[in-house]
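> In full-length UniProt numbering, the protein residues as written are 1 to 133.
Every residue gets a Cβ at the ideal spot worked out from N, C-alpha and C, and that includes glycine.
As the structure is a computational prediction, the values presented were derived from the model and not from experiment.
(1) Measure the Cβ-Cβ separation of residue 107 and residue 101 and say whether it is below 7 angstroms.
(2) Ordered along the chain, which non-local residues of its own chain (more than five positions away) have a Cβ less than 7 angstroms from that of residue 14?
(3) Got a sec? Which residues, its chain only, sit under 6 angstroms from residue 90 by beta carbon, not counting five neighbours each side?
(4) Beta carbon of residue 62, beta carbon of residue 48: below 7 angstroms?
(5) Take the Cβ of residue 82 as the centre, count every other Cβ of all protein chains shown within 10 Å, and call the residue buried at 16 or more, exposed below.
(6) So who's on the other strand from residue 64, going by DSSP bridges?
(7) Among 133, 92 and 28, which has the Cα closest to the Cα of residue 73?
(8) Under a three-way DSSP split, which group does residue 53 fall into?
(9) Let me confirm a value: residue 23 is counted as buried when at least 16 other C-beta atoms fall within 10 Å, else exposed. Which label applies?
(10) So for residue 4, helix, strand or coil by DSSP?
(11) Between which two residues does the alpha helix (DSSP H) holding residue 121 run?
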């Protein structure tokens with residue numbers, strides 16, 4: 001049992017990218033599934049698959065994305081912002097810009113999990129979960 005499942009998720013993806021793996025398996029939860037969908041929509045991962053037959057929650061199979069020519073990973077850095085010991089919140093007007101708009105901030109709002117830009121356009125604030133670039 002991990003005390004911070006989001007940090008575990010980010011660490012598993014980060015370690016798989018550094019090791020050069022093509023696919024990574026992660027224990028599933030609803031929040032992790034939403035983060036995976038956002039990473040896919042923003043073009044950070046190649047594909048994903050939710051497998052419900054393993055364990056009580058199932059697993060998430062993520063196919064990582066690499067540059068065709070240089071073989072560099074698309075995900076350069078994944079950083080956890082709001083931690084269980086110190087939560088970080090941002091209003092719709094103070095949403096952070098990551099790498100001058102090249103990265104994304106994943107935010108948990110009352111309207112669901114979304115990117116910082118989507119939260120700003122819907123005029124909602126929330127807990128800043130992580131930065132991805």
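Result, derived from the coordinates:
(1) Reading the chain shown from its first residue, position 107 is the one you call residue 107. Reading the chain shown from its first residue, position 101 is the one you call residue 101. Residue 101 sits away from residue 107, with the two beta carbons spaced by 7 angstroms or more.
(2) In the chain shown, the residue the question calls residue 14 occupies position 14. Counting only Cβ-Cβ distances below 7 angstroms, and skipping sequence neighbours, we find 78.
(3) Position 90 of the chain shown, counted from the first residue, corresponds to residue 90. Counting only Cβ-Cβ distances below 6 angstroms, and skipping sequence neighbours, we find 125 and 128.
(4) Residue 62 sits at position 62 when you count from the first residue of the chain shown. Residue 48 sits at position 48 when you count from the first residue of the chain shown. Against a cut-off of 7 angstroms, the Cβ pair of residue 48 and residue 62 comes out as a contact.
(5) Translated into the one-based positions of the chain shown, residue 82 becomes position 82. Looking at its Cβ environment, which holds 16 or more other Cβ atoms inside 10 Å, residue 82 is buried.
(6) Locating residue 64 in the chain shown gives position 64, counting from the first residue. According to DSSP, which records beta bridges pairwise, residue 64 is partnered with 45.
(7) Looking up residue 73 in the chain shown gives position 73. It is 133.
(8) To locate residue 53, count along the chain shown from 1; it is residue 53. It is coil, neither helix nor strand.
(9) Numbered from 1 along the chain shown, position 23 holds the residue referred to as residue 23. Exposed.
(10) The residue given as residue 4 occupies position 4 in the chain shown. Of the three classes helix, strand and coil, the one that applies to residue 4 here is coil, per DSSP.
(11) Here residue 121 is taken as the residue at index 121 of the chain shown, counted from 1. From DSSP, the alpha helix (DSSP H) with residue 121 extends over 116-121.
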